[in-house]
Amino acid sequence: MIPFASQRGLGQDLATHLLNEHDNEMVELVEVNGAIAQDLHGAFAEWEAQAHALTRCENYLYSLSVNPDPAQDPITRDQYFDYIRRVEEKLGLTDQPRAVVFHSKYGREHCHVIWSRIDVDNEKAVQLAFDREKLMMVTREFARDHNLELPDGYHKDRDGKNKQLSLYEMHQQRITGLSKEEHMEQVTDAWRASDSPKAFIQALAERGYILATGKRPYVLIDFYGGMNALPKMINDKSVRTKDIRAFLEKDYPPESLPSVDEARELVAKHRKEIEAHAKSEQYADELAELKRSQEARRAGLEKAKSALKQRQHKSRNDLAARHKAERDALRSAHLAETRRIREARARNRPGELGRTFGRISGFTMLRKALHNYQDRKRTKAFLKQRKQLKDLQFKERLALARRLEMQTLDMKRKLRALEQVEKRELRSLEEAMRREAHCQGRGGRTQMPRLTLGMDRDAHTTKKRIDLTDTFDRAAEGKDTDGGKDGSSDGPRPQSKTKIRRYRRNRKRDQGLDRGR
């Protein structure tokens with residue numbers, strides 16, 4: 001059981017990553033709680049709106065991936081949710097909105113849980129102090145209760161081994177197909193097999209590395225453009241950073257080395273020369289298969305869109321027909337009542353003698369005035385009822401229009417989300433094909449191709465194609481840097497006293513890279 005968690009924003013990017021079907025054999029959205037929308041893009045958009053409206057929290061999501069050990073028996077869904085419940089109780093995320101997604105990759109099922117950190121009732125974000133330590137505690141308790149074995153790094157007496165990879169290290173491994181341990185093994189072998197700086201540089205070049213300088217004096221740029229600090233790549237506790245600097249600074253001082261950007265540019269040019277990046281038939285087949293899968297998924301959404309339009313058209317017609325029927329019924333009732341009253345008055349009309357007496361006594365005039373009053377009152381009541389009916393029908397039409405508009409906007413949002421997922425899947429396919437090309441270029445070996453670069457004199461090297469060792473020798477000799485006295489270099493350059501450069505640890509976290517889990 002290996003959990004990995006982080007507080008983050010960019011919910012739309014995370015939703016796209018979780019729905020990427022190219023990198024996963026199976027994607028199952030199990031539940032979305034605490035949101036009106038029942039899809040990831042919609043739910044994350046709602047939680048982001050709550051964060052911006054109620055708080056100043058930027059990392060409004062807490063993302064957790066739960067990865068069972070493939071060497072052990074798979075865990076059940078009930079065990080997954082038991083672990084999720086324990087995490088919620090430990091971190092104070094109980095009753096918070098959440099989404100649960102299951103992935104299956106290379107036959108290995110794992111789970112992603114994403115919580116909203118925003119407490120809407122109290123208008124604040126849930127604080128997650130020491131969340132990694134708490135996750136370790138929950139994981140150990142869960143493993144103990146379910147008789148699961150944990151990696152060495154999850155025991156309290158761990159010595160720093162088997163630590164989780166950073167996002168940048170995961171990205172490098174996903175791009176190159178080489179793990180951090182394989183890189184360290186290559187560099188460590190080069191270090192142990194070298195008895196001089198020149199031999200070390202040659203050994204690095206043979207294994208596909210170039211020495212450069214950046215925020216730290218000595219960094220390695222590999223064949224694929226990845227960067228790592230040299231001391232961290234030597235897996236030998238007896239070798240310290242100061243030992244490496246003392247070993248290299250005489251023949252290869254940091255100021256004579258190419259910068260990280262220069263080294264990456266040189267490596268990229270060299271890689272393009274020796275690596276076939278042509279679009280192969282395999283890529284065409286993979287792309288066609290991906291397109292078919294995307295078209296099938298899009299066809300379902302387009303079908304839902306067409307069905308939505310038909311339902312909306314029917315809703316409008318049904319409402320219009322009902323409103324017309326209500327108006328006709330009201331008018332018919334008024335006309336029927338008027339007709340009934342007129343017929344009753346005609347039946348009760350007095351005879352000739354009565355009409356004569358009525359005209360003489362004034363009773364006929366009074367009766368006519370009464371009938372006119374009753375007719376006006378009845379007409380006024382009819383007009384009032386008709387106005388009330390029209391107002392009610394207008395509100396119903398407005399409510400229907402708003403509901404249909406929201407349905408249309410929701411469908412457009414789903415189509416945009418699908419486009420994002422399709423772009424991510426296409427990018428994943430291209431990344432997978434590049435990784436496959438890298439592996440084929442290595443012939444299935446873990447050692448990268450040999451670096452033989454052609455550099456410009458101004459970049460501390462000559463224009464002709466040379467071996468990487470000669471490149472660093474030329475840079476270290478420092479030709480034409482003695483003030484222009486004689487332009488010769490009969491012996492090694494005197495070692496000058498230079499100010500000791502101190503480098504602080506860079507604590508900036510990796511951004512913009514999704515874990516390949």
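Residues in the sequence shown are numbered from 1 upward in steps of one, following UniProt numbering.
By construction, the Cβ of each residue, glycine as well, lies at the ideal position given by its N, Cα and C atoms.
| Asked | Found |
| --- | --- |
| Which whole-angstrom value is the C-beta distance of residue 533 and ASP119, which I expect to be below 8 Å? | There is simply no residue 533 to check, as the chain begins at 1 and stops at 517 in what is shown. |
| What residue range is occupied by the uninterrupted beta strand (DSSP E) comprising ILE2? | 2 to 8 |
| Per the DSSP calculation, THR213 is bridged to which residue(s)? | SER259 |
| Here's the rule I'm using: 16 or more other beta-carbon atoms within 10 Å means buried, otherwise exposed. How should SER428 be labelled? | buried |
| Thinking just about the alpha-carbon of each residue, which of LYS237, PHE223 and THR241 is nearest to the one in LEU230? | THR241 |
| Taking HIS110 and MET26 to be in contact with their CB atoms under 8 Å, please state how far apart those CB atoms are, rounded to whole angstroms. | Actually they do not touch by this definition, with Cβ atoms about 11 Å apart. |
| How many angstroms separate the CA atom of ARG342 from the CA atom of LYS387? | 25 Å |
| Since LEU18 is in the beta strand (DSSP E), which residue starts that stretch and which ends it? | Per DSSP, LEU18 belongs to no beta strand (DSSP E); it is in the alpha helix (DSSP H), 11 to 18. |
| Quick one: complete beta strand (DSSP E) runs, 3+ long, within the stretch 18 to 56? | 26 to 33 |
| Quick check: the Cα distance between ASP23 and LEU426, rounded to an integer number of angstroms? | 10 Å |
| I'd like to confirm the pairing. Which residues does DSSP put opposite ARG98 in its beta bridges? | ASN33 and TRP115 |
| Out of VAL87, TRP115, ASN235 and GLN72, point me to the one whose CA is closest to GLY45's CA. | Per the sequence shown, the amino acid found at residue 45 is Ala instead of Gly. Considering only alpha carbons, the answer is TRP115. |
| In angstroms with no decimal places, state the Cα-to-Cα distance between PRO74 and ASP82. | 14 Å |
| Rounded to whole angstroms, what is the Cα-Cα separation between PRO3 and LYS423? | 28 Å |
| Sort PRO68, LYS314 and GLN420 by Cα distance to LEU148 and report the nearest one. | PRO68 |
| By the three-class DSSP mapping on this structure, what secondary structure does GLU430 have? | helix |
| Is DSSP giving ILE221 helix, strand or coil here? | strand |
| Exposed or buried, PHE130, counting other C-beta atoms within 10 Å across all chains shown (16 or more means buried)? | exposed |
| Tell me whether MET137 is buried or exposed, calling it buried when 16 or more other Cβ atoms sit within 10 Å of its Cβ. | exposed |
| How would you label ILE234, buried or exposed, when you count the other beta carbons within 10 angstroms and need 16 or more for buried? | buried |
| So who's on the other strand from residue 523, going by DSSP bridges? | Residue 523 lies beyond the range of the chain shown here (1 to 517); nothing can be said about it. |
| The alpha helix (DSSP H) spanning VAL239 covers which residue range? | It is not in any alpha helix (DSSP H) - VAL239 carries neither H nor E in the DSSP assignment. |
| What is the residue span of the beta strand (DSSP E) that VAL120 lies within? | Segment: none, VAL120 is in no beta strand (DSSP E) and carries neither H nor E. |
| Quick one: using the 10 Å Cβ neighbour count with 16 as the cut-off for buried, is HIS460 buried or exposed? | With a pLDDT of 41 at HIS460, under the threshold of 50, the modelled position of that residue is not reliable, and the figure given next carries that caveat. With 16 or more other Cβ atoms within 10 Å, it is buried. |
| Could you give the residue range of the beta strand (DSSP E) that holds VAL66? | 61 to 67 |
| Any C-beta of chain D sitting closer than 8 Å to the C-beta of LYS314? | The structure shown contains no chain D, having only a single protein chain. |
| Does the separation of the CB atoms of GLN79 and GLY34 fall below 8 Å? | no |
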